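The structure appears right after this line, and notes come after that.
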Amino acid sequence: MARHPILQRMKSSSSRLAFTATAVVAFLFGIGITYAVFFLVLDSDRKLQSGDSVGSLPTIENVGTTDVQDGTSNESSPIGAPNETLGSIHDIVDIKSPFERGLALRNVLARSNERRVIDLLAESLELPNHSNSLELQSDIIHRLAQINPSRALSQAIEIDKREPRYSGKLVKVVFQEWARSDLEEAVANARLLSESVRGSATEAILLERMDLSEDQALSIARDLENERVATSLFTQMEVEEAVENPDELWSDLVSKLQGDIQNWTSISRVANAWVEKRGLSVLDQIFQSLTNSQIEVHVTRDVLRAAVQIDPKGALEYALNLEEDLYNIARWGVIEAWATSDPKAALAALSEIEEESLRTELEGTAIRAWASYSDPYELLDSVSTLPSHLQGSATTNALYSISWRSPREAAQLIEKLESGPTKTKAASDLVDNWSRGDSKAALDWILNEPSNKDMQSLLLVRVIGRLAAVDPERAWTVAIGQPIPDGEVGMELRVITSLVQENIDRALEFLPQVREGQTRLGAYRNVARALVQDKDVDRALNLLPSVSVKEKSAVFETIAATWARSNAEELLNSMDRFDTRELKSKAAMALVLSNRYWNPALSDKQIEEAKSFLTDEDKLQLEVDNASSFSRW
Numbered sequence: 003m004a005r006h007p008i009l010q011r012m013k014s015s016s017s018r019l020a021f022t023a024t025a026v027v028a029f030l031f032g033i034g035i036t037y038a039v040f041f042l043v044l045d046s047d048r049k050l051q052s053g054d055s056v057g058s059l060p061t062i063e064n065v066g067t068t069d070v071q072d073g074t075s076n077e078s079s080p081i082g083a084p085n086e087t088l089g090s091i092h093d094i095v096d097i098k099s100p101f102e103r104g105l106a107l108r109n110v111l112a113r114s115n116e117r118r119v120i121d122l123l124a125e126s127l128e129l130p131n132h133s134n135s136l137e138l139q140s141d142i143i144h145r146l147a148q149i150n151p152s153r154a155l156s157q158a159i160e161i162d163k164r165e166p167r168y169s170g171k172l173v174k175v176v177f178q179e180w181a182r183s184d185l186e187e188a189v190a191n192a193r194l195l196s197e198s199v200r201g202s203a204t205e206a207i208l209l210e211r212m213d214l215s216e217d218q219a220l221s222i223a224r225d226l227e228n229e230r231v232a233t234s235l236f237t238q239m240e241v242e243e244a245v246e247n248p249d250e251l252w253s254d255l256v257s258k259l260q261g262d263i264q265n266w267t268s269i270s271r272v273a274n275a276w277v278e279k280r281g282l283s284v285l286d287q288i289f290q291s292l293t294n295s296q297i298e299v300h301v302t303r304d305v306l307r308a309a310v311q312i313d314p315k316g317a318l319e320y321a322l323n324l325e326e327d328l329y330n331i332a333r334w335g336v337i338e339a340w341a342t343s344d345p346k347a348a349l350a351a352l353s354e355i356e357e358e359s360l361r362t363e364l365e366g367t368a369i370r371a372w373a374s375y376s377d378p379y380e381l382l383d384s385v386s387t388l389p390s391h392l393q394g395s396a397t398t399n400a401l402y403s404i405s406w407r408s409p410r411e412a413a414q415l416i417e418k419l420e421s422g423p424t425k426t427k428a429a430s431d432l433v434d435n436w437s438r439g440d441s442k443a444a445l446d447w448i449l450n451e452p453s454n455k456d457m458q459s460l461l462l463v464r465v466i467g468r469l470a471a472v473d474p475e476r477a478w479t480v481a482i483g484q485p486i487p488d489g490e491v492g493m494e495l496r497v498i499t500s501l502v503q504e505n506i507d508r509a510l511e512f513l514p515q516v517r518e519g520q521t522r523l524g525a526y527r528n529v530a531r532a533l534v535q536d537k538d539v540d541r542a543l544n545l546l547p548s549v550s551v552k553e554k555s556a557v558f559e560t561i562a563a564t565w566a567r568s569n570a571e572e573l574l575n576s577m578d579r580f581d582t583r584e585l586k587s588k589a590a591m592a593l594v595l596s597n598r599y600w601n602p603a604l605s606d607k608q609i610e611e612a613k614s615f616l617t618d619e620d621k622l623q624l625e626v627d628n629a630s631s632f633s634r635w
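Position one of the sequence shown corresponds to residue 3 (our numbering), numbered consecutively onward.
Below, the structure is given as C-alpha cells:
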C-alpha cells in the first residue's frame, strides 16, 4: 500500500516546519534564493518565446517593457536606471545591489529567446573568477531549461566539469525545472547520465517533486539506481519533524538512525533542539538512549558544547561527571565553547577543579580558545591577572594568534619580552607562521633584531628550509655561515633537503660545498634518494665516486633501498653494474628486505636469485633481521 505523500508526512507540523523544509532544500542544493518575480515573469512568458529572433539586450529602464518579438511594449519598468544600457552580462555584474542585479538578469532572461540565453551563458563563462558566477549561471541555466531542457543539460554538464567547485549544482538546476514541467521526460533523461551526474539529477527531481508519495519517490530513485537519495530525503524530513517535536519523536528517531555513524549529525541536531527547548534536564535521556558508542562520543561532545550557550556552568558540571569521556573530548568542547564567549568565567570555573592534571589540561584548552577564537589582545593585556602557571602559555598563545594576523606586530610585541623560554617559544612560533608567507621578511627580522642574538640559530633552523624554496642562494649563504654545534649537523642539510623536493639540480650544485661529517653524509643520501625516486638512477650512482669509502657504503644503501621499493625487478637485473661483491650484497639485502616488509614484488625464484649475491656476513644478518633493519636505510 502506498504511503502518504511526502508533504503529508509533515502535516502535523506548523507552517514554520514547512518553511524549515524549504530551507533544507535550498541548503542541500546551494541553488540560492529564487526571487518570486522570476517565476512569475518566466511562467507568463514561456509560451511567448520565438525561434531564433534576437534583438539587442534591453536597458534596465525598459527591461520589463520589451516585447520578445519586436522589442515594443507599453508595460512599465519594475526597476529603473534611466539611460543606462545593459549591453552584456558584464553590465549586469556591474550593478552593485545584489537584489537589483538579480532582478535585472531575471527580467532580461524572461524576454530572451534560446539563442540570446546561450549568448548570455557564454558571456558568463568569460567572467574572471567572479564571485557571483555560480549565481548568474544558475539563473541562466534555469531559464534555458524552461526553453530547451536537453540543451540546458548538456551545457550544465560541461560547465560542472570545468568547475569542480560547483559539485553538480547546475545539473540540479536543470532537473529541478524539468521535474516540474515534465517528470516522465526528466526521469528518462536522467537515466542516460553517468553515475555521478545521475546522483545530482535524482536529488533535484525528488526535492522538486515533494508532492509524490514515498512509493513513487522510491520507484524513481530505484529506476535511477539511487535509492539512497530517496531514503536520505525521507530521513532528513523525519529529522525536521523531530527538531520541531523532539519530546515525542526523539526515541523513534534515534533508534532508527544510530545504526549508521554518518547519522550522528542529524541525531545531534535533534538533541540540540531538545536541549534548547527543555534545558539540560533532558541530557540524561538523550545520552542514555545512545547505544552506538561512536555516535555517543560525537553527540555528547556536540550537545554539551551547544549547551554552553544555555547554561555554561551546568554544561561543565555535567561534562565533569561523565563516567566515560575518552581523551576528555567532551570536556574540551565545553571549555572551548565557554572560553570563546567568556574566557574569564571559564577559567574561574576551572580553578575549582581539584584534580590537578585535569584542571591543568582544561586550563590550557581555555587559554588556546581565548587566544584563537576570542580576543588575543585582551588575553595579552590580562596576562598579569592570571595565575603564574598560566602566564607563559597565555603570552605565547596570544602572540601566536596575533602572528597569523600581523607578523610584524607580533614581532614588535615579542621584542619587548624578557629573554627566556616564553620569548623563545613566541619567537619560534612567529617565525614558523611568518616564513609560510614571507620567509625573506622572517629572515631579515631574525638577523637584524638585536634581541634575537641568543636564539638566532634556533630561529634560523625554522626558516631556512622555506627560504631555500624561494631564494636558494641566500638560504645557502646563511646556512653555510652558521657554526655546527657538537653532535649536530650543519644547517645546509636543511637547504639540501628542501631543494631535493623542488629543485634537484640546484641541490646538486651545492652538494660539493657541504661540510664533512654527518652533514655531508645526510646531504648525499637525501640527494641520492630523490634522484632514484625521480627514476634517475644513473645520476644517483654517479654520486658514489665523490664520497669517502665509508660514506659510499651508506649512500649506496640508500640508493639500493629506494630502488628496491620503486622497481625491484630492475634492480635485480642490474647487479652487473656494481663493481664489488659488497655492493652486490647490499643490493640483494635491499631486495630481500623490501620484498619482506615493503612490497612483495619479486617471485620466490627471484628472491633466491637475489640471495645468491649475499655475503656470508649479510646472510647472517638476514637471519636475525627485523623490520628496523630496512627502515634505517
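Just so you know, even glycine gets a beta-carbon here, dropped at the ideal spot from N, CA and C.
Computed from a predicted structure; not experimentally measured.
Looking at C-alpha atoms only, which residue of the options is the closest neighbour of residue i?
i           : options               : result
residue 351 : 429, 317 and 542      : 317
residue 498 : 518, 110, 477 and 488 : 477
residue 414 : 440, 391, 454 and 90  : 454
residue 463 : 505, 434, 537 and 160 : 434
residue 310 : 244, 162 and 341      : 341
residue 623 : 608, 601, 587 and 602 : 587
residue 609 : 246, 312 and 597      : 597
residue 636 : 567, 298, 281 and 326 : Lying outside 3 to 635, the shown extent of the chain, residue 636 is not represented and no answer is given.
residue 519 : 550, 443, 196 and 184 : 550
residue 417 : 221, 437 and 457      : 457
residue 539 : 327, 169, 570 and 276 : 570
residue 606 : 594, 182, 600 and 617 : 594
residue 618 : 603, 389 and 584      : 584
Under three-state DSSP, which class holds residue i?
i           : result
residue 576 : coil
residue 384 : coil
residue 215 : strand
residue 603 : coil
residue 505 : coil
residue 75  : Confidence at residue 75 is low in this model, with a pLDDT of 34, below 50, so the placement of that residue should be treated as unreliable; the coordinate-derived value is given next. Looking at residue 75 - three-state DSSP - the assignment turns out to be coil, as it is neither helix nor strand.
residue 83  : Confidence in residue 83 is poor, its pLDDT being 38 and thus under 50, which makes the residue's placement unreliable; the coordinate value appears in the next sentence. Coil, per DSSP.
residue 621 : helix
residue 148 : helix
residue 194 : coil
residue 140 : helix
residue 127 : helix
residue 486 : coil
residue 422 : coil
residue 113 : coil
residue 616 : coil
residue 316 : helix
residue 171 : helix
residue 427 : helix
residue 201 : helix
residue 441 : helix
Since residue i and residue j should fall inside the 8 Å C-beta cutoff, what is the C-beta to C-beta distance between them, to a whole number of angstroms?
i           : j           : result
residue 386 : residue 345 : Actually they are not in contact, since the Cβ atoms of residue 386 and residue 345 sit about 15 Å apart, beyond 8 Å.
residue 490 : residue 482 : Contact flag wrong, Cβ pair sits at about 15 Å.
residue 172 : residue 190 : Contact flag wrong, Cβ pair sits at about 20 Å.
residue 207 : residue 177 : 5 Å
residue 502 : residue 526 : That belief does not hold up - the Cβ atoms of residue 502 and residue 526 are roughly 11 Å apart, past 8 Å.
Report yes if the CB atom of residue i is closer than 8 Å to the CB atom of residue j, and no otherwise.
i           : j           : result
residue 263 : residue 303 : no
residue 535 : residue 564 : yes
residue 361 : residue 335 : no
residue 470 : residue 500 : yes
residue 460 : residue 430 : yes
residue 517 : residue 486 : yes
residue 241 : residue 291 : no
residue 142 : residue 122 : yes
residue 613 : residue 592 : no
residue 382 : residue 368 : no
residue 229 : residue 223 : yes
residue 289 : residue 298 : yes
residue 425 : residue 432 : no
residue 438 : residue 399 : no
residue 119 : residue 149 : yes
residue 106 : residue 91  : no
Kindly examine the ligand HEM and report whether one of its heavy atoms sits closer than 7 Å to the Cβ of residue i.
i           : result
residue 617 : The ligand HEM is absent from the structure shown, which contains no ligands of any kind.
query = Counting only runs that start and end within the stretch 230-310, where is the beta strand (DSSP E) found for 3 or more residues in a row?
reply = none
ask   = What are the complete alpha helix (DSSP H) segments, minimum 4 residues, inside the stretch 331-418?
value = 331-343, 345-352, 358-371, 378-383, 390-407 and 409-417
query = What residue ranges within the stretch 499-577 form continuous alpha helix (DSSP H) runs of no fewer than 4 residues, ordered along the chain?
reply = 506-512, 520-535, 539-543, 551-568 and 570-574
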